[in-house]
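Written out below as structure tokens is the structure these notes cover.
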Amino acid sequence: MTTFYARFKLSIYATEVQLSPFAITSINKHNKHHTEFPADTSATQRFTFPDGFHSCHFDTKAPIGQRQKIEDIIMRMQDEKAGGVAIRTVKSFLSKIPSVVSGDKLCVCVGADIVQWLMKNLSIEDPAEAIHLGSLIAAQGYLFPISDHVLTLKDDGTLYRFQAPYFWPSNCWEPENTDYAIYLCKRTMQNKARLELADYEAENLARLQRAFARKWEFIFMQAEAQVKIDRKKDKAERKILDSQERAFWDVHRPVPGCVNTTEMDIRKCRREKNPQRVKRSVYGLTDDAQTRSPVHQSIPSQPAKKPTKEDVQKEISFLNIQLDRHCMKMSKVADSLMSYTEQFMVYDPLTSTTEPSNPWISDDTTFWDLEASRDPSQHRVKKWGFSLEEALKDPAGRDAFLKFLESEFSSENLRFWLAVQDLKRRPLENVAARAQEIWQEFLAEGAPSSINLDSHSYERTSYNLKDPGRYSYEDAQEHIFKLMKSDSYARFLRSNIYQDLLQARKKLSQTESEQGRRTSLEKFTRSVGKSLTGKRLTGLMQSS
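Put into structure tokens, the structure is as follows:
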């Protein structure tokens, strides 16, 4: 039995003894145990716990003043002698609703009575403010509706009951996902309408089953054992267990859309030096690595060890490495993205008007035909000057760059780069043979088109060819590309081949635009002449 269910069972036995709030001060290893109740309740009582409970300590006092004030209010609500909330028996409403055991009666309170008590005892004039305060208390798990998963307070006849002090948030312990999986699995084994899983609980169970696939058999066995134990209890005790357990999980695994009051701000956790309270939520489920049971939380932290000389030297070397790292400011990154967007905006047919029309929003594919042709327009030639990548993307750009490299007797670099690109697209059965052909043509001793590689890239490439693959020449290709980009590409943009092509396309585009203007002017003149001729003929016919 897991730690959670041992504690849960302990709270049930303690709840049967006294309805009003209590504090379990200590539990010894003996069969007989002594439990003290607060001074405002009845006299000290003694009762027997079952075997198997070991020494532990529980204190219902909140670690922070805010929760302690809430708990004081809850204790005053349950104190009938001091004018607490009116407790009614379930038999006068609905006999099947579980609640607190008080003798042989199942007792609950009505939401409207709680609102009236808050207004009377806390000097609240506005009912909406009292409802809001009660909803905040309910969200913490101190009281809950007996037929709803949403922990809010309503000013109507909705039935509520008070949670056992053991489950108050002031205990500062958080259940693990394995406990939640056992709880959901146990509910699926019991064919009862009141225990059917909600939609979000079924989704959580499916995710937990995938997450704990390796130990799901152990979780199933734990749930099965819990079901067998529950069947031995009487009906009233089972209803109490189910309602308290459901309310507990509604606080720690709330309904989607509701606030999780158990989460804590990471900044507060760091200030309090208690990282065990930080919970990372994934699909509404917390990470087991960040949750700890009370046993883990009660272990005092080890004192900080004084750093040695070696530790300080390691930290200094680490900081020096961090200082040498290349970092870019966010402003420079944003400027780079903005300049890139502005540069390529005129080439995007979705954001700018193009001639011919955008093929994505019209049936005209002339734009694609012009882009795929070997006769580039000025639009395409200008784009080659942006980067070497843009020039190599365009087939016409590759041809022009290859022509320039041939004039400088260094075309083997581009032919090697294109051969490696072709190797990456080859079928797997042809990769090994093609890799050997590239080696014999460009890298072997006495190769007809030898390329200039550094020793590191050459050694890596020769090692990769022991088991040739599509990416055996990755290092060599990257080295050759950097050489072309830093040396040949800059001279290509200044060469006559590129400049003549750019100027010729510019003149051609200007000539085409002038021809278009002349053509449009001629069409306009013809249309005006036709209209004037028609008007004259009409006037002559009318005069005659």
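For the sequence shown, the UniProt record's numbering begins at 1 and goes up steadily by one.
Even glycine gets a Cβ: it sits at the ideal position worked out from N, Cα and C.
The structure displayed is predicted, hence computed values, not measured ones.
Worksheet item: Assuming Val431 and Pro468 make a contact with CB atoms under 8 Å, what is their CB distance in whole Å?
Response: Contact flag correct, Cβ pair sits at about 6 Å.
Item to complete: Please state whether DSSP places Val110 in a helix, a strand or coil.
Response: Secondary structure of Val110 (DSSP, three-state): strand.
Practice prompt. For the beta strand (DSSP E) holding Tyr160, just list the boundary residues, first then last.
Written response: Note, Tyr160: beta strand (DSSP E), 159-162.
Item to complete: Put Pro145 into one of helix, strand or coil per three-state DSSP.
Response: Pro145 sits in a strand when the DSSP states are folded into three classes.
Discussion item. For Lys215 and Ala181, I'd like the C-alpha separation in whole angstroms.
Written reply: Rounded to the nearest angstrom, the two C-alpha atoms are 11 Å apart.
Worksheet item: Is Asp79 helix, strand or coil by DSSP?
Response: In the three-state reduction of the DSSP assignment, Asp79 falls in the coil class.
Worksheet item: Would you call the CB atoms of Leu153 and Val115 closer than 8 Å?
Response: For Leu153 and Val115, yes; Cβs fall inside 8 Å.
Discussion item. Mapping the DSSP letters down to three states, classify Asn191 as helix, strand or coil.
Written reply: In this structure, Asn191 counts as coil in the three-state DSSP scheme.
Discussion item. On the DSSP letters alone, give me the boundaries of the alpha helix (DSSP H) that Arg494 sits inside.
Written reply: Per DSSP, Arg494 belongs to the alpha helix (DSSP H) from 489-494.
Practice prompt. Would you mind sorting Val251 into buried or exposed? The rule is 16 or more other CB atoms within 10 Å of its CB.
Written response: Of the residues assessed, Val251 falls on the buried side of the cut-off, its CB having 16 or more other CB atoms within 10 angstroms.
Discussion item. At 4 residues or longer, what runs of the alpha helix (DSSP H) sit wholly inside the stretch 330-404?
Written reply: Taking only runs of at least 4 residues, the alpha helix (DSSP H) segments lying wholly in the stretch 330-404 are 330-344, 366-372, 378-383, 388-393.
Worksheet item: Near Lys96, what residues of its chain come up, given a Cβ to Cβ distance below 6 Å and the 5 sequence neighbours on each side ignored?
Response: Confidence at Lys96 is low in this model, with a pLDDT of 46, below 50, so the placement of that residue should be treated as unreliable; the coordinate-derived value is given next. Cβ within range, chain order: n/a, list empty.
Item to complete: Taking residue 549 as the reference, give the member of Arg253, Val227, Lys120 with the closest Cα.
Response: Outside the displayed range of the chain (1 to 544) lies residue 549, so it cannot be described from this structure.
Discussion item. As a quick exercise: from Arg415, Leu465, Ser450, Glu406, pick the residue whose alpha carbon is nearest that of Arg433.
Written reply: Checking the sequence shown, residue 433 turns out to be Ala, not Arg. Nearest of Arg415, Leu465, Ser450, Glu406 to Ala433, Cα basis: Leu465.
Worksheet item: Looking at the structure shown, is Tyr473 part of a helix, part of a strand, or coil, going by DSSP?
Response: Coil, per DSSP.
Discussion item. On a Cα-Cα basis, can you pick out the residue from Ile131, Ala112, Leu323, Gln140 that is closest to Lys69?
Written reply: The residue with the shortest Cα to Cα distance from Lys69 is Gln140.
Item to complete: Write down the C-beta distance between Ala435 and Glu441 rounded to the nearest angstrom, noting that I regard them as a contact closer than 8 Å.
Response: With a Cβ gap of about 11 Å, Ala435 and Glu441 do not count as contacting.
Worksheet item: Distance, Cα to Cα, Asp369 vs Ala444?
Response: Straight-line Cα distance between these residues: approximately 42 Å.
Worksheet item: Where do the N-terminal and C-terminal ends of the alpha helix (DSSP H) with Phe318 fall, by residue?
Response: In the DSSP annotation of this structure, the continuous segment of the alpha helix (DSSP H) that includes Phe318 starts and ends at 309-324.
Item to complete: Pick helix, strand or coil for Ser42, following the three-state DSSP scheme.
Response: At Ser42, the pLDDT of 34 sits below 50, so the modelled position is not reliable and the matter cannot be decided from this model.
Item to complete: Kindly indicate which residue of Gln209, Ala198, Arg187 has the alpha-carbon position closest to the one of Ala225.
Response: Ranking Gln209, Ala198, Arg187 by Cα distance to Ala225 puts Arg187 first.
Practice prompt. List the whole-angstrom C-beta distance separating Ala130 from Met119, where the pair is believed to meet the contact cut-off of C-beta under 8 Å.
Written response: Their Cβ separation, rounded to whole angstroms, is 5 Å, which keeps Ala130 and Met119 in contact under 8 Å.
Worksheet item: Where do the N-terminal and C-terminal ends of the alpha helix (DSSP H) with residue 554 fall, by residue?
Response: Only positions 1 to 544 of the chain appear in this structure, which leaves residue 554 out of reach.
Worksheet item: Which whole-angstrom value describes the C-beta separation of Trp249 and Tyr183, a residue pair presumed to lie in contact below a C-beta threshold of 8 Å?
Response: Rounded, the Cβ-Cβ distance is 6 Å, consistent with contact.
Discussion item. For Ala138, which residues in the same chain have their Cβ closer than 7 Å to its Cβ, ignoring the five residues on either side in sequence?
Written reply: Taking C-beta separations shorter than 7 Å and ignoring five residues to either side along the sequence, the partners of Ala138 in its chain run Phe144, Leu151, Thr152, Leu153, following chain order.
Worksheet item: Using DSSP with H/G/I as helix, E/B as strand and the rest coil, what is Leu136?
Response: The answer is helix: DSSP assigns Leu136 an H, G or I state.
Discussion item. On a Cα-Cα basis, can you pick out the residue from Asn191, Val255, Phe167 that is closest to Ala198?
Written reply: Residue Val255 is the option with its Cα nearest to Ala198.
Fill in: Buried/exposed call for Arg210, threshold 16 Cβ in 10 Å
Under the 10 Å beta carbon count, Arg210 is surrounded by fewer than 16 other beta carbons and is classified as exposed.
Worksheet item: In three-state DSSP terms, what is Trp216?
Response: Residue state, collapsed to three classes: helix.
Discussion item. With a threshold of 8 Å, are at least 3 pairs of Cβ atoms found where one atom belongs to the stretch 359-367 and the other to the stretch 409-427?
Written reply: Contact between the stretch 359-367 and the stretch 409-427 is absent: fewer than 3 CB-CB pairs across the two stretches fall below 8 Å.
Fill in: For Asn171, the first and last residue of its enclosing alpha helix (DSSP H)
In this chain, Asn171 is not harboured by any alpha helix (DSSP H), its DSSP state being neither H nor E.
Worksheet item: What's the gap between the Cα of Glu390 and the Cα of Cys185?
Response: In this structure, the straight-line span from the alpha carbon of Glu390 to that of Cys185 is close to 58 Å.
Fill in: Inter-stretch contact (C-beta, 8 Å, three-pair minimum) for the stretch 375-394 and the stretch 491-505
The stretch 375-394 is in contact with the stretch 491-505.
Discussion item. On the DSSP letters alone, give me the boundaries of the alpha helix (DSSP H) that Ser457 sits inside.
Written reply: Looking at the DSSP string, the run of the alpha helix (DSSP H) that includes Ser457 is 455-464.
Worksheet item: Mapping DSSP to helix, strand and coil, what is Ala433?
Response: Assignment of Ala433 by DSSP, reduced to helix, strand and coil, places it in the helix class.
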